[in-house]
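K.L.:
Positions 1 to 416 (my numbering) are the ones given, in order, by the sequence shown.
Virtual Cβ for every residue (Gly too), placed ideally from N, Cα, C.
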Amino acid sequence: MRRYSFARLVWQALRGNTGWQPAWRDSKLQNHYDVIIIGGGGHGLATAYYLATEYHVKNIAVLEKSWLGSGNTGRNTTNVRSDYMFPESCALYDLALKLYEKLAIDLNINIMLSQRGWMTLIHNQHQMESAYHKVNWMHCNELDGEIIDAAEVQRMLPAFNMSADARHPVLGAFLQRRGGTIRHDAVAWGYARAASGLGVDIVQHCEVVGFVKQGNRITAVETTRGTIGCQAVGVAVAGHSSVIANMAGFRLPVTSHCLQAMVSEPVRPVLNHVVLSPATGVYINQTQKGELVMGSILDLYQSYGQRGNFPAIEKTLTAVVEMFPMFAQTRLMRHWAGIVDVVPDSSPILGRTPIDNLYINCGWGTGGFKAIPAGGIVLAHSLATGQTHPLAEKFGLDRFRSNRLVDEGAAAGIAH
Ligand code: FAD
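Given below as structure tokens:
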């Protein structure tokens with residue numbers, strides 16, 4: 001992979017930055033691929049990368065209906081952590097975090113990993129007991145997590161309103177020190193550049209609109225740019241998973257909801273951790289540039305409308321100012337939404353589908369950015385071997401028939 005020296009950066013700057021090569025090839029569509037991956041978000045691109053590197057599959061295409069990362073991968077609030085409860089969830093999310101910890105080296109791109117600590121506030125005795133319960137589970141699963149008291153919260157968050165008269169007073173917090181933030185675009189671009197360098201065709205503005213089937217197998221994918229033959233299909237389209245499933249002839253227990261986020265003008269560094277209040281569902285972090293990144297829970301009605309609205313701004317900012325009164329004069333700069341794929345047990349759906357050669361990666365809901373490297377590996381495994389990856393066994397679609405749910409609602413209810 002190409003590395004740039006400081007002298008080269010200066011030379012390019014002096015030339016007005018006109019000499020850079022595109023990060024990935026502008027691929028032409030072939031008539032046939034061994035594997036087609038639908039969705040050019042983080043999970044789809046990571047799948048292509050691991051298929052090429054770990055499973056040595058050649059002849060892969062990623063088809064993206066818009067531009068790369070235009071879905072939730074480029075719209076999320078960049079928080080990463082692995083503080084789940086069940087062993088299968090801990091294994092999956094912590095694999096992702098461990099892969100993220102070395103991804104900058106693997107992909108030769110600065111993903112701006114900042115392990116500044118993920119903090120979930122504790123507002124009452126009930127939440128305190130739940131937090132101890134979760135920490136016990138995490139320790140049983142060999143993950144790091146701890147409870148800190150109110151004095152430590154105040155020390156770590158000097159600008160926080162710790163008044164006993166606050167609407168939601170704070171007794172302490174759950175803390176995962178390895179949690180933090182990562183630049184989302186860099187993850188998509190890094191996987192895309194590396195996959196493209198390995199020969200993967202990345203095709204933007206190519207929407208999948210149907211399938212050609214023979215018996216219970218897909219033989220070709222119909223797109224807005226023609227019909228393309230294939231041996232196997234991987235689906236990683238988040239909020240549009242049930243649309244694709246419908247095209248293929250089966251149903252998913254997924255509902256699509258709008259999730260909103262917003263960012264302020266840059267201000268001086270004052271907030272060095274990611275903070276979530278379960279009482280309001282509102283969370284906040286400050287970027288390295290100084291912007292405050294904020295969001296809250298998803299819109300409760302189902303929708304494919306990728307739009308923000310004023311009630312979400314009001315709800316989020318009211319809670320942020322309650323927590324950090326000094327942000328009251330800060331101006332909001334941007335506000336946006338993504339369409340997330342919500343599953344009844346707040347756990348992903350991974351692996352086989354009722355169609356023999358179509359495999360899925362969906363159901364990450366409001367928290368799938370943190371899982372991208374692991375989601376890519378397990379989908380790549382299914383596509384390459386036709387088998388479910390051991391880490392994905394508990395996350396199969398069949399769990400909704402056998403009623404063996406992995407209910408992470410308590411740990412991941414507000415799963416950013
Ligand atoms: P996406 O990134 O959405 O990619 C799917 C792609 O499929 C899209 O680019 C779409 O255009 C394409 N596509 C859809 N249909 C078709 C078709 N028919 N043909 C071709 N292409 C198609 N997660 C965290 O872990 N931490 C967070 O802090 C966090 N915050 C969030 C904040 C917001 C506001 C939102 C919206 C989400 C947040 N998430 C967070 C969730 C996270 O962003 C997603 O779970 C994750 O990005 C999903 O990645 P993906 O690759 O599966 O989907």
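(1) Which residues share a DSSP beta bridge with M119?
(2) Cutting at 6 Å between CB atoms, please list the residues of its own chain near N285, excluding the five before and the five after it.
(3) Alpha carbon to alpha carbon, what distance is there between Y191 and K315?
(4) Considering T18, what are the terminal residues of the beta strand (DSSP E) in which it resides?
(5) Who does I339 pair with in a DSSP beta bridge?
(6) For Q231, which of helix, strand or coil comes out of DSSP?
(7) Could you work out which residue in S27, T223, A166 and S256 is closest to N72 when comparing CA atoms only?
(8) Among the candidates L68, C362 and A96, whose CA atom is the shortest distance from the CA of C206?
(9) Can you give me the C-alpha to C-alpha distance between H168 and F369, rounded to a whole angstrom?
(10) List the endpoints of the continuous beta strand (DSSP E) containing H214.
(11) Nearest-angstrom Cα distance between Y132 and F310?
(12) Express the C-alpha separation of C258 and S303 in angstroms, rounding to a whole number.
(13) Determine the burial state of A328: buried for a count of at least 16 other Cβ atoms within 10 Å of its Cβ, exposed for fewer.
(14) For E314, which three-state DSSP category applies?
(15) Identify which residue in V170, A159 and R183 has its Cα closest to the Cα of S114.
(16) Run through the region 337-393 for me and flag every whole beta strand (DSSP E) of 3 or more residues, listed as ranges in chain order.
(17) G172 and I202 look like a contact to me (Cβ under 8 Å); what is the Cβ gap, rounded to whole Å?
P.N.:
Short version:
(1) L175 and V275, per the DSSP bridge assignment.
(2) Cβ within range, chain order: T181, V274 and V293.
(3) Their Cα atoms are separated by approximately 35 Å.
(4) First-last for T18: undefined, no H or E at that position.
(5) DSSP lists C258 as the bridge partner or partners of I339.
(6) Q231: strand per DSSP, three-state reduction.
(7) When each option's Cα is compared against that of N72, the closest is S256.
(8) Here the closest residue by C-alpha is L68.
(9) If you take the alpha carbons of H168 and F369, they lie about 29 Å apart.
(10) Reading the sequence as shown, one finds Gln at residue 214 and not His. From DSSP, the beta strand (DSSP E) with Q214 extends over V208 to Q214.
(11) Roughly 36 Å between the two C-alpha positions.
(12) In a straight line, the C-alpha of S303 is about 6 Å away from that of C258.
(13) Per the 10 Å Cβ criterion, exposed.
(14) Looking at E314 - three-state DSSP - the assignment turns out to be helix.
(15) The shortest C-alpha separation from S114 is found at R183.
(16) Counting whole runs of 3 or more residues, the region 337-393 contains the beta strand (DSSP E) stretches 349-352 and 358-362.
(17) In this structure G172 does not touch I202 by the C-beta definition: roughly 46 Å separates them, more than the 8 Å allowed.
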